[in-house]
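Sequential numbering of the sequence shown, starting at 6, is according to my numbering. By construction, the Cβ of each residue, glycine as well, lies at the ideal position given by its N, Cα and C atoms. Here the structure is laid out as structure tokens; the discussion comes afterwards.
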Amino acid sequence: MTLALTGWMLYAMFVVLGLMGLSFLYNLYTALKAGSFSSDLFLSYLKDLLFYVFPLFMLSNMMALDPTGFLLLIGYYLGALGVALKYLGSFKK
């Protein structure tokens, strides 16, 4: 199977990765400004890629196994929405 993000799935992934990137840049800026730069900053985003983005890619690859055609799609969009809300909530802090 190949990775096939089509239509709104691609835009949802752009939103997730865009918010992750903005959050990373903001946290990098604040860490450098405060003088408390450490490798934990990079490790937390690698962990987020593994725990949040990789399952979304797995769901998109399993679309061919879904006989209804919409159950995994709903799961994908709910997962992307949850990750986006997590990063938007971190900006609010």
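Cα-Cα separation, residue i to residue j
{"i": "Leu24", "j": "Lys91", "result": "9 Å"}
{"i": "Ser2", "j": "Tyr34", "result": "The structure shown has nothing for residue 2, since the chain only spans 6 to 98."}
{"i": "Ile79", "j": "Asp45", "result": "33 Å"}
{"i": "Leu61", "j": "Tyr81", "result": "6 Å"}
{"i": "Ser41", "j": "Phe96", "result": "19 Å"}
{"i": "Asn32", "j": "Asp71", "result": "39 Å"}
{"i": "Gly74", "j": "Thr11", "result": "13 Å"}
{"i": "Met14", "j": "Leu51", "result": "22 Å"}
{"i": "Ala36", "j": "Phe47", "result": "12 Å"}
{"i": "Gly94", "j": "Leu86", "result": "12 Å"}
Best match in the options for proximity to residue i [C-alpha to C-alpha]
{"i": "Asp53", "options": "Phe29, Ala39 and Gly40", "result": "Phe29"}
{"i": "Tyr16", "options": "Lys98, Ala89 and Gly94", "result": "Ala89"}
Secondary structure of residue i, DSSP reduced to three states
{"i": "Ala9", "result": "coil"}
{"i": "Lys98", "result": "coil"}
Cutoff 6 Å; reference residue i; Cβ partners in own chain excluding five residues on either side
{"i": "Met68", "result": "Leu77"}
Notebook entry, point to check: Going along the chain, which unbroken runs of the alpha helix (DSSP H) with 4 or more residues stay wholly within the region 14 to 92?
Noted result: 45 to 53 and 59 to 66, all fully within the region 14 to 92.
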